[in-house]
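First the structure, in the form of structure tokens, and then the observations on it.
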Amino acid sequence: MPKTLDAFIEDKNINLIRKRDLKRSSNLKKEFNEINQHLYAKLKHTETDTRARSNEILKLILCKLVDEISNSLPDSIMSFSIKQGETEKKLFDRLQNFFKENLKDKYKNLIDENEKINLNKELVFLIVEKLQRISLLESSKDVLADTFEIFVSRLLKEEGGQFFTPTSIIKFMVRYLNPETDSKIIDPACGHGGFLLECKDLLWSKIEQKYGAQIDIFKKKKIEVISNLYGIDKDSYLAKICNLYLDIISQGKSNIFCDNSLDPNNYSKESSDAIKNNHFDFVVTNPPFGAKIPIDNKEILKKYALAHKWDYKDNIWVKQNKLVKKQPPQILFIERCVQLLKDSGKLGIVLPEGLFGNPSNRYIWEYLRSKGKIVGIISLDQNTFQPYTCNKTSILFFQKLKEIPKNYKIDFGIVDNVGHDKDGKVLYKLNKDGSIKYDQYKKPIVNNELINLHLKINESAEFSYLENQKVFKLSLNQIKNNIFIPNYYTGVEKTLKSLENNKDFQLVSIGDLVKKGIIYTKNKGYLPRGDEIGSHVYGLGDIPFIRTSEINKWEVDLNSHKKTSNEVYDQFKDKQNIKIGDILLVKDGGPNLIGNTAFITELDTRIIIQSHIFQIKTLKNNDYIDSHLLLYLLNLDIVQKQIKAITFVQGTIATIGNRIMDVILPIPSEINKRKVISKYIKEIIDNKTEIRKKINKLSINYFSD
-8 MPKTLDAFIE DKNINLIRKR DLKRSSNLKK EFNEINQHLY AKLKHTETDT
42 RARSNEILKL ILCKLVDEIS NSLPDSIMSF SIKQGETEKK LFDRLQNFFK
92 ENLKDKYKNL IDENEKINLN KELVFLIVEK LQRISLLESS KDVLADTFEI
142 FVSRLLKEEG GQFFTPTSII KFMVRYLNPE TDSKIIDPAC GHGGFLLECK
192 DLLWSKIEQK YGAQIDIFKK KKIEVISNLY GIDKDSYLAK ICNLYLDIIS
242 QGKSNIFCDN SLDPNNYSKE SSDAIKNNHF DFVVTNPPFG AKIPIDNKEI
292 LKKYALAHKW DYKDNIWVKQ NKLVKKQPPQ ILFIERCVQL LKDSGKLGIV
342 LPEGLFGNPS NRYIWEYLRS KGKIVGIISL DQNTFQPYTC NKTSILFFQK
392 LKEIPKNYKI DFGIVDNVGH DKDGKVLYKL NKDGSIKYDQ YKKPIVNNEL
442 INLHLKINES AEFSYLENQK VFKLSLNQIK NNIFIPNYYT GVEKTLKSLE
492 NNKDFQLVSI GDLVKKGIIY TKNKGYLPRG DEIGSHVYGL GDIPFIRTSE
542 INKWEVDLNS HKKTSNEVYD QFKDKQNIKI GDILLVKDGG PNLIGNTAFI
592 TELDTRIIIQ SHIFQIKTLK NNDYIDSHLL LYLLNLDIVQ KQIKAITFVQ
642 GTIATIGNRI MDVILPIPSE INKRKVISKY IKEIIDNKTE IRKKINKLSI
692 NYFSD
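Note that my numbering numbers the sequence shown so that position 525 is 516, with each residue one more than the last.
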């Protein structure tokens, strides 16, 4: 008996993939990475560059997203799948047509009319085969972020200091700012739109709570949210993708523009009409930053107060008329964000940590304090943006105000764990025996302190000298020297408070010892430091060039791998004037090295020291403070904590700079106690020196008769 038409269709569709067949992937990035490795292997000998390859991947990812969004019913047959018996060519032709009808024709203003899928049919087949049974929407909160992280991130790092913001950072910042459903929100360095997408998710959930049962109002309000999201990016590729992605995900119309955010005078008419100063309730962004991509266009610089020179006069920073020659983009982005905010509007911005404490950047805080109030500062772990960059960053929250209170509370937070290590490997919370902790659903708990951090900050107490706090509130008038780094207050202030009323000690800063003529300084009151001799003179002789890694446990490691000649030594010996009793202290480099000390003995005088090392010389004095006592004081835990607290990260290098002068030493009040300590430390140094001499004498014939 011949089959009916319905039976024929049912047989034909029996092996097709339907919406209900799609499953969540527990590790979408792993799936993407496998695809990327296949693509690299196939395309590495072709002329297809990274950006072109990633663009082709994105076309297919967008096709997959559109397919999932448009097919809402469980029995819907998925187009992004391989039908039974379908050849590579038939699949390729069908997806090419899907791309045209569902993306190119629908988003004509965003996709060029000549655009098409350019990967070969074999690779398209491979990608569809890999992804066809996965639900992208259920596998990731931000599919495009995962796509970019695998296929694009390193390219953008090389091209312009751009690093995609981890989802946990985005989620925390948006939750902390907590915009309302009618808020106008802009990201002036929007990239693929991660912040805007998170704002959309938060605001849609608020709308659902309020209007969920009223379907028509619910849909209308959702579209209104999208119409209040704005983004700018100077990368036309990213701006286009951001616009496409938001519109596809939301089924609305967002406002994404391709322009240089820092140059509003040259915006397109469309951008100028939409993006006005004093217009936005919230600005949330992670701008590109780095000294290698400075802004040096005078026409741009002259529009910014922060592109002018600032002088410190009468305890205040004052803007001068003269422009700087160039300025890192992140500094100008701070001012641009403030310009965009309306009165009472709030800003959340990721910035290099150096800006929060470096003396040369303190004018920035003078500017900010003149425009509103500092709402919060969150110091992030060094691994936050790893494995793509080791730049240490912090988050600034700011509110623009016409009437600025003289004093107010500021939220501070310290984040030591962001859920992954320097290689990007996920880190879990551990029990005392080293085993992984699991939640009530038997899932491993990621060690990410950003989760619910916004709630902890809201509940945080005022700063206490008696408690160990990672979130706390400080008053503006407690801020010292415009230093907005949380560790400075938990490390320095808290440590010294415990000794303040102890009569057995005198709290004296290194700067005070300089003023009293006990510690030697060069011109302008700076401690002497070493020099750079240049790698071209390495290996010319046996004179050790001492670097930061060769200073540890009060000793200089003379087995330097970078030795040079006597002739080079002669060029530096008078300038450095290294003498027995000098103390070397690491001032720049890896955070784990800063503060390490070495005592110069008779074995160590014929060396050259690197520029990242302070050379501390004690002068004759009547206070009985000599180099042995000073070595002891510098290595006390209470002093090392201060050194760690004033260690600020500039880019990828940590430094203490001239803040060393602020370090407080707990000097024993009794002169006899000073003498006892000095004698004891001298004995240790002498014993270590004798042991080193004995080791140096060892040879194959040492024990021969």
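Every residue, glycine too, gets a C-beta built ideally from N, C-alpha and C.
Can you tell me where the alpha helix (DSSP H) with residue i in it begins and where it stops?
i: F209; result: I206 to S218
i: A180; result: Looking at the DSSP string, A180 is not in any alpha helix (DSSP H), and its letter there is neither H nor E.
i: N234; result: S227 to S241
i: T588; result: Segment T588 to F590 is the beta strand (DSSP E) holding T588; no alpha helix (DSSP H) there.
i: H619; result: S618 to L625
i: H702; result: As shown, the chain starts at -8 and ends at 696. That puts residue 702 outside it, with no answer to give.
i: L194; result: G185 to Y202
Among the options, which one has its Cα closest to the Cα of residue i?
i: F90; options: N613, L235 and K420; result: L235
i: P285; options: K304, W308, K317 and I198; result: K317
i: K132; options: C181, L193 and N93; result: L193
i: T78; options: R44, K50, L114 and L56; result: L114
i: K162; options: Y480, E440, P320 and L594; result: E440
i: D402; options: L467, N374, L504 and Y419; result: L467
i: D302; options: K294, N312 and Y295; result: N312
i: D254; options: I217, G243 and K294; result: K294
i: K544; options: L575, N449 and F324; result: L575
i: G363; options: K428, T158 and L392; result: L392
i: H445; options: L56, K434, K197 and I160; result: I160
i: D226; options: E199, L56, K684 and G184; result: G184
Do residue i and residue j have their C-beta atoms within less than 8 Å of each other?
i: D58; j: S70; result: yes
i: I534; j: I599; result: yes
i: I247; j: L53; result: no
i: F271; j: L359; result: no
i: L624; j: V630; result: yes
i: V409; j: D372; result: yes
i: G336; j: F475; result: no
i: G345; j: V547; result: no
i: N438; j: K420; result: yes
i: S551; j: F563; result: no
Suppose you measure from the CA of residue i to the CA of residue j; what does that come to, to the nearest Å?
i: S351; j: E357; result: 12 Å
i: E149; j: K283; result: Confidence at E149 is low in this model, with a pLDDT of 47, below 50, so its placement is unreliable and the value that follows should be read with caution. If you take the alpha carbons of E149 and K283, they lie about 10 Å apart.
i: I655; j: I607; result: 15 Å
i: F463; j: I405; result: 9 Å
i: F454; j: I470; result: 12 Å
i: N18; j: L127; result: 11 Å
i: S500; j: N478; result: 19 Å
i: H29; j: H411; result: 26 Å
i: K688; j: L549; result: 15 Å
i: D653; j: S361; result: 27 Å
i: I668; j: P657; result: 13 Å
i: R15; j: E129; result: 5 Å
i: T680; j: T588; result: 15 Å
For residue i, I'd like the list of residues in its chain whose CB is within less than 6 Å of its CB, leaving aside the five on either flank, ordered along the chain.
i: K231; result: L101
i: G339; result: M164, L168, V275 and F388
i: L13; result: S126
i: R353; result: N473
i: L292; result: A298 and L314
i: N612; result: I509
i: T596; result: I569
By Cβ distance, which residues of its chain are closer than 7 Å to residue i, with the 5 residues on each side in sequence left out?
i: I675; result: none
i: N109; result: E47
i: I647; result: K578, I585, I634, I637 and T638
i: S602; result: R520, G521, D522 and E523
Take residue i and list the residues in its own chain whose beta-carbon comes closer than 8 Å to its own, dropping the five residues that flank it on each side.
i: R9; result: P65, D66, S67, I68 and M69
i: C181; result: L187, G222, I223, D224, L229, A230, C233, I247 and T276
Residue i lies in the beta strand (DSSP E); which residues open and close that run?
i: W545; result: Unbroken run through W545: none, as it is neither H nor E.
i: F271; result: F271 to T276
i: N374; result: Where N374 is concerned, there is no enclosing beta strand (DSSP E), given that its DSSP letter is neither H nor E.
i: D334; result: L332 to P343
i: S717; result: Shown here, the chain extends from -8 to 696; a query on residue 717 therefore has no answer.
i: V499; result: F496 to S500
i: F463; result: V462 to S466
i: I658; result: I655 to P659
i: A645; result: I644 to T646
i: D402; result: K400 to I405
i: S361; result: Element bounds for S361: not the beta strand (DSSP E) but the alpha helix (DSSP H), R353 to K362.
Under a CB-based cut-off of 8 Å, is residue i close to chain D?
i: H299; result: Chain labels in this structure do not include chain D; a single protein chain is all it has.
Relative to the ligand SAM, is the shortest distance from any of its heavy atoms to the C-beta of residue i smaller than 7 Å?
i: T481; result: This structure does not include the ligand SAM; it has no bound ligands of any sort.
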